[in-house]
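A short write-up of the structure that comes next.
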Amino acid sequence: MQSAPTTAFLETALRPLDVARRELLVRGSRWPWLGRALRRWETRAPLLVCVSVTFAFVMTCFMPSLLFVLGPALLGVLHVASDVRYLVLRQQLPRHWVVSVLVVSSILVSSRIAELCFPRALPFAHVEVAVGWSWAIAGAWFGAAVIRRWERAVLLTLPLAAIAFFSVKHPATARALFAYGHNLVALVAWKMLCRRRGIHTSWPLLLVASMSAVLATGFTLPALHSGAPWSGRLMDEAIAVAPRLDARTASTVGLTYVFLQAVHYSVWLVFIPQEQLRGEATLTFRMSARSAVRDFGSWGSASIALAAAAVLAFSLVSVRRTRGIYLSVATFHAYLEVACLAFLWARGRKPS
Numbered sequence: 085m086q087s088a089p090t091t092a093f094l095e096t097a098l099r100p101l102d103v104a105r106r107e108l109l110v111r112g113s114r115w116p117w118l119g120r121a122l123r124r125w126e127t128r129a130p131l132l133v134c135v136s137v138t139f140a141f142v143m144t145c146f147m148p149s150l151l152f153v154l155g156p157a158l159l160g161v162l163h164v165a166s167d168v169r170y171l172v173l174r175q176q177l178p179r180h181w182v183v184s185v186l187v188v189s190s191i192l193v194s195s196r197i198a199e200l201c202f203p204r205a206l207p208f209a210h211v212e213v214a215v216g217w218s219w220a221i222a223g224a225w226f227g228a229a230v231i232r233r234w235e236r237a238v239l240l241t242l243p244l245a246a247i248a249f250f251s252v253k254h255p256a257t258a259r260a261l262f263a264y265g266h267n268l269v270a271l272v273a274w275k276m277l278c279r280r281r282g283i284h285t286s287w288p289l290l291l292v293a294s295m296s297a298v299l300a301t302g303f304t305l306p307a308l309h310s311g312a313p314w315s316g317r318l319m320d321e322a323i324a325v326a327p328r329l330d331a332r333t334a335s336t337v338g339l340t341y342v343f344l345q346a347v348h349y350s351v352w353l354v355f356i357p358q359e360q361l362r363g364e365a366t367l368t369f370r371m372s373a374r375s376a377v378r379d380f381g382s383w384g385s386a387s388i389a390l391a392a393a394a395v396l397a398f399s400l401v402s403v404r405r406t407r408g409i410y411l412s413v414a415t416f417h418a419y420l421e422v423a424c425l426a427f428l429w430a431r432g433r434k435p436s
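Residues 85 to 436 (the numbering used here) make up the sequence shown, in order.
Following this line, the structure appears as C-alpha cells:
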C-alpha cells in the first residue's frame with residue numbers, strides 16, 4: 085500500500101499522454117494496412133522499432149544538437165533506471181552477483197564524483213577502466229558458476245581481457261571509445277532479452293546499420309544548414325573532442341554518436357519494455373508507470389522521479405554543464421550493461 089500515493093500521482097500526470105497515444109492509434113487504424121499491422125504484436129513491434137529509428141535518423145540529420153541536448157535531459161535518468169530494472173530486478177540472480185552490482189556501481193559512481201571535484205588528485209581513469217572491465221570479466225565467471233559450465237566464460241574472457249589491457253594502457257582513449265561504442269550494447273541486450281521468437285529483430289538492426297553508414301559517409305552534412313543554430317554547437321563539440329580528426333570526419337562521428345545514443349535510449353525505454361508484455365497488448369504510459377513502481381517500490385520510484393526532475397531543472401539553467409555531469413556520473417551504467425550481459429550469456433539460460 086505504500087506505493088499507492090506514488091502510483092496515483094503518476095496515473096494523473098500521465099493520463100494526457102495516454103489520451104494522445106490512444107488518439108494516434110485510432111487515427112492510424114483508419115488506414116487498413118496500418119490497422120492490421122498495429123493489431124498483431126509480431127508486426128507492431130518491428131514497426132514501432134523502425135518508426136523510432138527513422139525518427140531518430142531524421143532528427144539527427146536536421147537538428148542533431150537538439151536531440152543531443154534533449155536526450156540526456158529528458159531520458160537520461162529514466163534509461164539508466166530501465167537498465168537496472170531489466171538487467172537486475174527482472175532477472176533471477178544469485179545474491180552474491182546482486183551484491184557485486186551494488187558495490188561496483190557505487191565504486192564507479194564515487195570515482196566519477198571524486199574526479200569531478202578533484203580532477204588531478206588520483207589516476208581516476210585508470211581506476212575506472214580497471215574496475216569496470218574486471219567487473220565484466222567477473223560477470224562471465226559468476227554466470228558460468230551458476231550452471232558449472234565454463235566454456236562461455238573462457239570465450240568471453242579472451243576479448244574482455246584484451247579490451248581491459250588496452251583500456252589500462254590508454255584509459256583516456258578507451259573511455260572515449262566506450263562512450264561511443266556502448267550505445268551498441270543496448271541492441272545486443274535487446275536481442276538477448278527478447279522472450280518471443282516471433283519478433284523480427286533483423287530488419288530493425290539492418291535499418292540501424294544502414295542509417296549509421298549513411299551518417300558516417302557525410303552524405304547528410306548539407307542538411308545541417310537547415311537546422312541552424314541547433315547544429316553548430318554539436319559540430320564544435322565533436323571537433324573539440326577529436327582534435328586530431330579533420331572537421332568533416334569529426335562531424336560525421338558526432339552525428340553517428342547522436343543517432344546511436346537516441347537508438348540506445350529507445351531500446352531501453354520502448355523496445356525492451358514493449359517486448360516484455362504478454363499477449364497482444366500494447367504498453368500505455370500508465371501501465372509502464374505502474375509496472376515500474378512494482379519493480380522499484382515507492383521510495384525507489386520517487387528517487388528516480390526526483391533525479392530525473394533535477395537533471396531537467398539544472399539543464400534549464402546550464403544545459404552544457406548539466407549534460408557533462410550527468411554523462412560522467414552515469415558512466416557506471418555502461419559497465420553495468422556489459423557485466424550483466426556477460427553474466428546472463430555465460431549462465432546460458434533465457435532471462436526470466
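The beta-carbon is built from N, C-alpha and C at its ideal position, and this holds for glycine as well.
Taking the Cα positions, Ala-270 is about 27 Å away from Leu-329. Spatial neighbours of Arg-332 in its own chain (CB-CB distance under 8 Å, excluding positions within 5 residues in sequence) are listed in chain order as Gly-302 and Leu-305. Scanning its chain for C-beta atoms nearer than 8 Å, with the 5 sequence neighbours on each side dropped, one finds around Leu-162 the residues Leu-353, Ile-388 and Ala-392, in chain order. Beyond the five residues adjoining it in sequence on each side, Ala-414 comes within less than 6 Å, by CB distance, of Val-164 in the same chain, given in chain order. No residue range can be given for His-254, since it is assigned to no alpha helix (DSSP H) and is classified by DSSP as neither H nor E. Within the segment 193–253, the complete alpha helix (DSSP H) segments of 4 residues or longer fall at 208–231 and 235–253, listed in chain order. Straight through space, the alpha carbons of Ile-356 and Leu-290 are spaced by roughly 18 Å. For Pro-178, the secondary structure class from DSSP, reduced to helix, strand or coil, is coil. When Cβ pairs closer than 8 Å are counted between the two stretches, the segment 196–214 is seen to touch the segment 240–257, the count reaching three or more. By the Cβ test, the segment 393–404 is not in contact with the segment 199–211, since fewer than three Cβ pairs between them sit closer than 8 Å.
Within the same chain, Phe-398 and Ser-399 come within 6 Å of Thr-406 by CB-CB distance, once the 5 residues on both sides are set aside.
Proximity to Ala-307 across Arg-106, Cys-145 and Phe-141 peaks at Cys-145, based on C-alpha coordinates. Residue range 416–431 is occupied by the alpha helix (DSSP H) that includes His-417. Counting only runs of 4+ residues, the alpha helix (DSSP H) found wholly inside the segment 334–400 occupies 356–359, in chain order.
By the CB criterion at 7 Å, Ala-430 and Gly-227 fall inside the cutoff.
Taking one beta carbon from each stretch, the segment 233–250 and the segment 416–430 have 3 or more pairs nearer than 8 Å; the two touch. As the crow flies, the alpha-carbon of Gln-176 is around 26 Å from that of Gly-160. In this chain, the alpha helix (DSSP H) harbouring Met-295 covers 286–301. The three-state reading of DSSP puts Ser-402 in coil, since its state is none of H, G, I, E or B.
Per DSSP, the unbroken alpha helix (DSSP H) holding Asp-167 starts and ends at 160–168.
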